Every structure is written in structure tokens, then in C-alpha cells.
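Numbering (the numbering used here), first residue to last: 4 to 177. Please read the structure below before turning to the comments.
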């Protein structure tokens, strides 16, 4: 038996779940963005055998290194823009498609790291899989939370319709 006051608490619970989903998306986006920036900083500034130091030996390697860095910067800029505008996109399919493009860009970045071929770059490539795994997890969780929110919304709408259609003493019970 569900009474009317409980209906409002169910609605409040659904709104709390929606807020938690938004926080999860924001936090996971910030973590992914921070990991991406950290990977570039490590690659360019810290490592003694980085891509750019190895590339100084050959012009074709320098072009490969420049394209690799440009691709990484494009990925970070895209990730930042996606994080900023994703809250305003209401179409879930569009949002998930844009997120999938971001994951694809990250996979291409890791492949360029593996393409360089030295042992240290392979280790960095494996470390580069961490943001991709987090991105895939966030996308799957986002889809799952979206489905759960849709189910709750449908269930609450049905519940509201049942309450409205009941008359007399049965108005408070279902």
C-alpha cells in the first residue's frame, strides 16, 4: 500500500539519484581530463627518453611526434569542450555518441604511443589505457543510470496516474 506522502519521498529519491548521476559524470570527466593532461606533461616534460627527445634524431620522427602531440592536444580540448557542453545536451543518444568519439580519440592516441615502438612507450601506452578504461566505465554507467532514471520516471508517472484516477476513500491507497 502506497500513500500520498510516500509518493513525494519517492519523487525526492528520484531527484537525488539524478543529482548523484550528474555529480558522477562531472567527477569522472574531471578525472579523465586530469589524467589526459598528466599523460601529456609526463611525455613532454619529464621523461628522459620521451617521444620528442627521440624524434630529434630524424625529421620523419619529428613529424610523427608533432602529429602525436597535436592529436593528444585535440583530444584534451575536445574532452574539455565535451565536459562543458554535455550538461546542456538533452539528447542522450547525441551525448553518448559524442562521448564515444572521445573514447575513439583516446584509443587512437594510445595506438600512436604503441606505434612509436620503444619499450618505455609501450609501458606509457599501457598507462594510457587507464583513462580509456575509466571513459568506457563512465559511458556504460551513464547509459545504465539513464535507463534507471527513465524506468523510475515511467514508474512514477504510472503511479501518479493511478492516484489521480482513484476516487473517494481509495484515493490514498493503491
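Don't be surprised by glycine CBs; every beta carbon is placed ideally from N, CA and C. Predicted model, so just to flag it, every value in this text is computed and none were measured.
Q.
Taking contact to mean 3 or more Cβ pairs, one atom from each stretch, closer than 8 Å, check whether the segment 139 to 151 and the segment 84 to 103 are in contact.
A. Because the criterion of three Cβ pairs below 8 Å is met, the segment 139 to 151 and the segment 84 to 103 touch.
Q.
Our contact map puts residue 106 next to residue 139 with C-beta atoms below 8 Å; I'd like the distance itself, whole angstroms only.
A. About 6 Å separates the two Cβ atoms, so the contact holds.
Q.
How far does the alpha helix (DSSP H) with residue 88 in it extend, from its first residue to its last?
A. Looking at the DSSP string, the run of the alpha helix (DSSP H) that includes residue 88 is 62 to 88.
(Q) Helix, strand or coil, according to DSSP, for residue 21 in the structure here? (A) Residue 21 carries a helical assignment under DSSP once its states are collapsed to helix, strand and coil.
(Q) Output needed for residue 25: all residues of its chain with C-beta closer than 8 Å, excluding positions within five of it in sequence on either side, in chain order. (A) Sequence-distant partners of residue 25 (beyond 5 residues in either direction) whose C-beta falls short of 8 Å from its own C-beta, in its chain, are 90.
Q. Can you tell me the Cα-Cα spacing of residue 33 and residue 82, whole angstroms?
A. CA-CA distance, residue 33 to residue 82, rounds to 9 Å.
Q | Within 7 Å, strictly: CB atoms of residue 169 and residue 135 | A | Contact annotation: residue 169 and residue 135 have beta-carbon atoms that are not nearer than 7 Å.
Q. Thinking C-alpha only, which one of 86, 160, 111 is nearest residue 75?
A. Closest option to residue 75, judged by alpha-carbon separation, among 86, 160, 111: 111.
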